[in-house]
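Take a look at the structure set out below.
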Amino acid sequence: MAIEGFVHGAPEDYTVQSQTAVDEDERIKRIVESGDLEQLAEIVLNGEGGSLVGLKSPEPEIQAFLNNVPSYMEKIHRVHDAARDGGLLALQQALDRRKFAIAKNDISPNGSTPLHVAVLFGHTDIVRYLASRFPETMTITDNDGRTPLHYAATIKDNGHFYNMLLQLGANPKSLDKLGHSAEFYLDKDKAKNILKYTELLNIFGAEELENQLLNDQGKDTGGREPQAAVPALQLDRSPGTTNHIKSSTHPPMPPAPDSAMPCRFALPVALVTFCFHTRFRCPHTNTHAHRG
């Protein structure tokens, strides 16, 4: 009877899963029918763009967005790939829309962003580039509410990445879903039963790389000569004004047109247009600002 009960129970599980999938499909269709670009952008940026592929809308603007979803997904995939492999140039070439810097992708588990990935895999040049050029990347959390600084705190690298992110403006007091700040994870003994660097690598299927990554920390791991250091950056925080990033050798960069946002993105339509239809000029690339 126990076996019989188990067999009879299986279809119920499949029915529940099937109904959940149907409900999600209906939710996506309602969003498309509503013409809500904000929610459509959120779907793509949260790594769920595949649910939009092939859908149709009578609204030309919405259909144009839907037509471009595979391209957006491919670019986001390339950004995550480069963040893991350490290809700074490849990352810069794929980052032709600002929001791709904080977008999520199914190749990076647990809702991690490109900056989470670059920290975890020890790519100093990419961490510095993302955190300085796109400060909002330091505020986005994974599915457990952890920022890239939380990840950096778990690494036994004498504080290399943790201190770099702090200098670039990361918040050490930000709490994850367990109520722990990044500072908490600096105490490896206290945090060992909660979160360890090895466990994070395990989520990515890369736990065997721990020793190699720690030995290579701070180096260019792509087999190339280390790139020239980016000039030291500091954040100019004036009360009531937008933050600017200043360099000792470059004039202040303009404030980010769409600044730091929480994990569940809330994009006004005007910003959706900017995020997905405006290109910007990235340093070290030949991408020029123009309307797509």
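Reminder that position 94 of the sequence shown reads as 94 in the UniProt record's numbering, one-by-one numbering, no gaps. Even for Gly, the Cβ is constructed at its ideal location relative to N, Cα and C.
Query raised in the report: Helix, strand or coil: how does DSSP classify residue 314 here?
Result: Any question about residue 314 goes unanswered here, given that the chain covers just 1 to 292.
Requested in this report: Using the Cα positions of Ser247 and Asp81, report the straight-line distance between them to the nearest angstrom.
Outcome: Along the sequence shown, read from residue 1 onward, the residue named residue 247 stands at position 247. Along the sequence shown, read from residue 1 onward, the residue named residue 81 stands at position 81. The predicted position of Ser247 is uncertain, since its pLDDT is 34 and thus under 50; no value can be drawn from it.
Query raised in the report: Is DSSP giving Leu175 helix, strand or coil here?
Result: As a first step, residue 175 must be located in the sequence shown, where it is residue number 175. Leu175: strand per DSSP, three-state reduction.
Query raised in the report: Counting along the chain, where does the alpha helix (DSSP H) carrying Met138 start and finish?
Result: Within the sequence shown, residue 138 is the residue found at index 138, counting from 1. Taken as a continuous stretch (DSSP letters only), Met138 belongs to no alpha helix (DSSP H), as it is neither H nor E.
Query raised in the report: What does a CB cutoff of less than 7 Å around Asp142 pick up in its chain, not counting 5 residues either side in sequence?
Result: Residue 142 sits at position 142 when you count from the first residue of the sequence shown. Counting only Cβ-Cβ distances below 7 Å, and skipping sequence neighbours, we find Asn110, Gly111, Ser112, His116.
Report task. Please report the residue range of the alpha helix (DSSP H) in which Glu61 lies. Result -> As a working note, residue 61 is residue 61 in the sequence shown. Segment 60 to 85, the alpha helix (DSSP H) holding Glu61.
Report task. Please determine, among Thr20, Ile31, Gln212, the residue with the shortest C-alpha to C-alpha distance to His123. Result -> Numbered from 1 along the sequence shown, position 123 holds the residue referred to as residue 123. Measuring from the Cα of His123, the nearest candidate turns out to be Gln212.
**Report entry** Reference Leu195; option with closest CA among His150, Ala118, Asn158
**Finding:** Within the sequence shown, residue 195 is the residue found at index 195, counting from 1. With distances taken between Cα atoms, Leu195 lies closest to His150.
Requested in this report: Note the first and the last residue of the continuous alpha helix (DSSP H) segment covering Leu37.
Outcome: Taking the sequence shown and counting its residues from 1, one reaches residue 37 at position 37. Residues 37 to 45.
Query - From Pro58, Ile107, Lys177, Leu55, residue whose alpha carbon lies closest to that of Asn46 - result: Counting from 1 along the sequence shown, the entry for residue 46 is found at position 46. Taking only the C-alpha atoms, the option nearest Asn46 is Ile107.
Query raised in the report: Any idea if Thr20 is buried or exposed, counting beta-carbon neighbours within 10 angstroms, 16 or more meaning buried?
Result: Your numbering for residue 20 matches position 20 in the sequence shown. By the 10 Å Cβ count, Thr20 comes out exposed.
**Report entry** DSSP-derived helix/strand/coil call for Ser34
**Finding:** The residue labelled residue 34 in the question sits at position 34 within the sequence shown. Helix, per DSSP.
Query raised in the report: For Glu136, is the classification buried or exposed, using 16 other Cβ atoms within 10 angstroms of its Cβ as the cut-off for buried?
Result: The sequence position of residue 136 within the sequence shown is 136, counting from 1. Glu136 is buried by the Cβ-count criterion.
**Report entry** Residue closest to Asp176, alpha-carbon to alpha-carbon, out of Asn215, Lys188, Tyr162, Thr147
**Finding:** Translated into the one-based positions of the sequence shown, residue 176 becomes position 176. Ranking the options by Cα distance to Asp176, first place goes to Thr147.
Report task. Kindly indicate which residue of Phe121, Ile76, Asp85 has the alpha-carbon position closest to the one of Ile102. Result -> Taking the sequence shown and counting its residues from 1, one reaches residue 102 at position 102. If we check each option's Cα against that of Ile102, Ile76 comes out closest.
**Report entry** Ala64, buried or exposed, once every other Cβ within 10 Å from all chains shown has been counted against 16
**Finding:** Along the sequence shown, one-based indexing puts residue 64 at 64. It counts as exposed.
Query - Where Ser132 sits in the DSSP three-state scheme - result: Within the sequence shown, the letter at position 132 stands for residue 132. In this structure, Ser132 counts as helix in the three-state DSSP scheme.
Query raised in the report: What residue does the alpha helix (DSSP H) around Phe100 start on, and which one ends it?
Result: For the purposes of this step, residue 100 is identified with residue 100 of the sequence shown, where counting begins at 1. That residue, Phe100, is in no alpha helix (DSSP H); it is neither H nor E in DSSP.
Query raised in the report: Does DSSP put Thr20 in a helix, in a strand, or in coil?
Result: By one-based count along the sequence shown, residue 20 stands at place 20. Three-state result, Thr20: helix.
Report task. Would you identify the three-state DSSP class for Ser51, choosing helix, strand or coil? Result -> Indexing the sequence shown from 1 puts residue 51 at position 51. DSSP places Ser51 in helix when its eight states are reduced to three.
Query - Cut-off 6 Å between Cβ atoms - residues of its own chain near Ala182, not counting five sequence neighbours on either side - result: Here the question's residue 182 lines up with position 182 in the sequence shown. So the qualifying residues of the chain are Leu149, His150, Ala153, Pro172.
Requested in this report: Hey, could you find the ends of the alpha helix (DSSP H) Pro109 is sitting in?
Outcome: The count along the sequence shown starts at 1 and reaches residue 109 at position 109. Looking at the DSSP string, Pro109 is not in any alpha helix (DSSP H), and its letter there is neither H nor E.
Requested in this report: Return the Cβ separation of Leu55 and Leu37 in integer angstroms, given the expectation that the two are a contact with Cβ distance under 8 Å.
Outcome: Taking the sequence shown and counting its residues from 1, the one referred to as residue 55 is at position 55. Taking the sequence shown and counting its residues from 1, the one referred to as residue 37 is at position 37. Contact flag wrong, Cβ pair sits at about 14 Å.
Query raised in the report: Relative to the C-alpha of Glu210, which residue among Glu61, Val119, Pro60 is closest?
Result: Taking the sequence shown and counting its residues from 1, one reaches residue 210 at position 210. For Glu210, the nearest C-alpha among the options comes from Val119.
Report task. My understanding is that Arg128 touches Met164, with C-beta atoms under 8 Å, so please give their C-beta distance in whole angstroms. Result -> By one-based count along the sequence shown, residue 128 stands at place 128. By one-based count along the sequence shown, residue 164 stands at place 164. About 7 Å separates the two Cβ atoms, so the contact holds.
Report task. Look at the Cβ atom of Leu88, then the Cβ atom of Pro114, and state whether they are nearer than 8 Å. Result -> As a working mapping, residue 88 is identified with position 88 in the sequence shown. As a working mapping, residue 114 is identified with position 114 in the sequence shown. No, the Cβ-Cβ distance between Leu88 and Pro114 is not below 8 Å.
Query raised in the report: Among residues of its own chain, excluding the 5 on either side of Pro251, which ones have a beta-carbon nearer than 6 Å to its beta-carbon?
Result: On the sequence shown, residue 251 is found 251 positions in, with the first residue counted as 1. Confidence at Pro251 is low in this model, with a pLDDT of 36, below 50, so the placement of that residue should be treated as unreliable; the coordinate-derived value is given next. Around Pro251: no qualifying Cβ.
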